[in-house]
Amino acid sequence: MNFQNLENIINHDISYGFSGVAVNVIFHNKSIYKNNFGYAYRYNPEGNLVSNPQTLKDNMLFDIASLTKIFATTYAVMYLYEQKKIKLDDKITKYIPEFKFENTSYIPTIRDLLNHATGVAPFFDFYNNHIADSLYSQDRETTIRFLKTKMSVIESAQKYCIYSDIGMKILGCIIETITNQRMNDFLEKNIYSKVGAQNTCFNPLEKGYLPNQIVATQIDGHTNCGTTSFNNIKTNTLRGLVHDEKALYSMGGIAGHAGLFSTIDDITKLASLLYQENTFFTQSTIKEFSQPSNINPSFGLGFWTAKGRKNRPFFGEKCSDQTIGHTGFTGQCFISDSQNKITIIIMSNSVHSPIIYPRIFEGKTYRTGMYGQLIDSIYTELGL
Numbered sequence: 049m050n051f052q053n054l055e056n057i058i059n060h061d062i063s064y065g066f067s068g069v070a071v072n073v074i075f076h077n078k079s080i081y082k083n084n085f086g087y088a089y090r091y092n093p094e095g096n097l098v099s100n101p102q103t104l105k106d107n108m109l110f111d112i113a114s115l116t117k118i119f120a121t122t123y124a125v126m127y128l129y130e131q132k133k134i135k136l137d138d139k140i141t142k143y144i145p146e147f148k149f150e151n152t153s154y155i156p157t158i159r160d161l162l163n164h165a166t167g168v169a170p171f172f173d174f175y176n177n178h179i180a181d182s183l184y185s186q187d188r189e190t191t192i193r194f195l196k197t198k199m200s201v202i203e204s205a206q207k208y209c210i211y212s213d214i215g216m217k218i219l220g221c222i223i224e225t226i227t228n229q230r231m232n233d234f235l236e237k238n239i240y241s242k243v244g245a246q247n248t249c250f251n252p253l254e255k256g257y258l259p260n261q262i263v264a265t266q267i268d269g270h271t272n273c274g275t276t277s278f279n280n281i282k283t284n285t286l287r288g289l290v291h292d293e294k295a296l297y298s299m300g301g302i303a304g305h306a307g308l309f310s311t312i313d314d315i316t317k318l319a320s321l322l323y324q325e326n327t328f329f330t331q332s333t334i335k336e337f338s339q340p341s342n343i344n345p346s347f348g349l350g351f352w353t354a355k356g357r358k359n360r361p362f363f364g365e366k367c368s369d370q371t372i373g374h375t376g377f378t379g380q381c382f383i384s385d386s387q388n389k390i391t392i393i394i395m396s397n398s399v400h401s402p403i404i405y406p407r408i409f410e411g412k413t414y415r416t417g418m419y420g421q422l423i424d425s426i427y428t429e430l431g432l
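By the count of the working numbering, the sequence shown reaches residue 432 at its end, each step adding exactly one.
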């Protein structure tokens, strides 16, 4: 199988300006297609093509953005669940006694956090001194204190699934409380090192990685074509600093919603825990976390599901309703389809592109940047 249609789509997009992408297809527990396309670094801060672009190669680290929610936070909760150190229907206050919302007495459960049903807002820009007012913070411990006691809900709990970075950051706080260590230390010791994911970490520059070993993201730091400013803002092309401002400035690069860096080989190893027998997660735990929410079937526990329509533009139309996965804003997507025994990992740098409008990236207008057509082409090639 040569996956010619997949390659045609990607090569077309790269010829018109898309930066780079790595793809791995695992079918019946075996990698049947793996390839890199394009560039790890292609654009200067003005959005012009550089004369010496850097080719995307194996073992380069990607900022995996919201895949952190899966391969860090959800995996940590699953691990603790297996160890009977956390229960899904426990209230947050069991682990953080001082936890409260500002505008309701209701205390959500761990399950509510995982399926985004707490009613809490999607995000809050603690780091921005122009808008955060009394909740301004570029200090991790201060931000954690605000997360525990100063957040507000925008909707009643368990009424809607409101995709929330805040909820996942709170989960990160719970993980750190239970384990009595930073998330990164817990994950590296208990999961990443044991599955051989040696190139998966937070804050890779502090781990000794060089910028040219890391795929570039936003070309002008966080300035968004000069429309954004706040204390300590980064202005150069990001390579090794997490693209998510809330993780970088307010959480020291280590957060439950974003901050993790990894390679396609490491993500493949981590994703294999969902479909290969292992000592980390039982099938009953995977089934529990994969179950679509009664509130919105697009959400499982941490994972997104293909049962709801919300995720089909990313997951494609051909995968089964039993498919789980997630995307990452910087250009990542993974799906694991238990019915068809296929796992697909797409890692790109779609935000390393000219900026059409503040936070609207040209790279996300390409088919490669939306994932769904790539995934459907793989299913078609396999006759699924």
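The beta-carbon is built from N, C-alpha and C at its ideal position, and this holds for glycine as well.
{"Query": "Given 8 Å, three or more beta-carbon pairs between the segment 250-259 and the segment 171-189", "Result": "no"}
{"Query": "Contact check, residue 312 vs residue 70, beta carbons under 8 Å", "Result": "yes"}
{"Query": "Secondary structure of residue 70, DSSP reduced to three states", "Result": "strand"}
{"Query": "4-residue-minimum alpha helix (DSSP H) runs that sit fully inside the segment 290-329, ordered along the chain", "Result": "293-298 and 312-319"}
{"Query": "Ordered list of alpha helix (DSSP H) runs contained in the segment 180-211, each at least 4 residues", "Result": "188-197"}
{"Query": "Cβ-Cβ separation, residue 422 to residue 394 (assumed contact under 8 Å), whole Å", "Result": "6 Å"}
{"Query": "Contiguous alpha helix (DSSP H) assignments of at least 4 residues, all confined to the segment 324-391", "Result": "331-338 and 360-363"}
{"Query": "Any non-hydrogen atom of the ligand ATP closer than 7 Å to residue 399 Cβ", "Result": "Among the ligands in the structure shown, none appear at all, so the ligand ATP cannot be discussed."}
{"Query": "Local conformation of residue 159 per DSSP, three classes", "Result": "helix"}
{"Query": "Spatial distance of residue 191 from residue 296 (CA atoms)", "Result": "12 Å"}
{"Query": "Delimiting residues of the beta strand (DSSP E) encompassing residue 266", "Result": "First-last for residue 266: undefined, no H or E at that position."}
{"Query": "Beta-carbon proximity check, residue 197 vs residue 148, cutoff 8 Å", "Result": "yes"}
{"Query": "Segment contact, 8 Å Cβ cut-off, at least three pairs: the segment 394-410 with the segment 83-103", "Result": "yes"}
{"Query": "Residue of 186, 138, 241 and 420 minimising C-alpha distance to residue 300", "Result": "186"}
{"Query": "Beta-carbon proximity check, residue 215 vs residue 231, cutoff 8 Å", "Result": "no"}
{"Query": "Alpha-carbon spacing of residue 54 relative to residue 426, whole angstroms", "Result": "7 Å"}
{"Query": "Residue 237 versus residue 64: straight-line alpha-carbon distance, rounded", "Result": "43 Å"}
{"Query": "Cβ neighbour criterion (16 or more within 10 Å) applied to residue 314", "Result": "buried"}
{"Query": "Minimum C-alpha distance to residue 320 - residue among 50, 188, 73 and 357", "Result": "73"}
{"Query": "Meets three-Cβ-pair contact criterion under 8 Å: the segment 343-356 and the segment 197-208", "Result": "yes"}
{"Query": "Nearest candidate by alpha-carbon position, reference residue 337, set 81, 52 and 137", "Result": "137"}
{"Query": "Classification of residue 406 by the beta-carbon crowding that lies within 10 angstroms, buried from 16 upward", "Result": "exposed"}
{"Query": "Inter-residue spacing [alpha-carbon to alpha-carbon] between residue 144 and residue 222", "Result": "7 Å"}
{"Query": "Where residue 435 falls, given that 16 or more other Cβ within 10 Å makes a residue buried", "Result": "For residue 435 there is no data in the structure shown, the boundaries of the chain being 49 and 432."}
{"Query": "Nonlocal neighbours in the same chain, by C-beta distance under 7 Å from residue 224, ignoring five residues either side", "Result": "230 and 231"}
{"Query": "Alpha-carbon to alpha-carbon, residue 431 and residue 270", "Result": "43 Å"}
{"Query": "Cβ neighbours of residue 135 in the same chain (closer than 6 Å, five flanking residues each side left out)", "Result": "none"}
{"Query": "Helix, strand or coil at residue 237 [DSSP, three-state]", "Result": "helix"}
{"Query": "Identity of the residues DSSP links to residue 138 by a beta bridge", "Result": "DSSP output for residue 138 lists no bridge partner at all."}
{"Query": "Residue 170, buried or exposed, once every other Cβ within 10 Å from all chains shown has been counted against 16", "Result": "exposed"}
{"Query": "For residue 172, the residue or residues it bridges with in DSSP", "Result": "Paired residues: none, contrary to the question."}
{"Query": "Beta-bridge partners of residue 97, as assigned by DSSP", "Result": "91"}
{"Query": "Residue 226 versus residue 124 - alpha carbon distance", "Result": "11 Å"}
{"Query": "Beta-carbon contacts of residue 203 that lie in its chain and below 8 Å, excluding the five residues immediately before and after", "Result": "167 and 210"}
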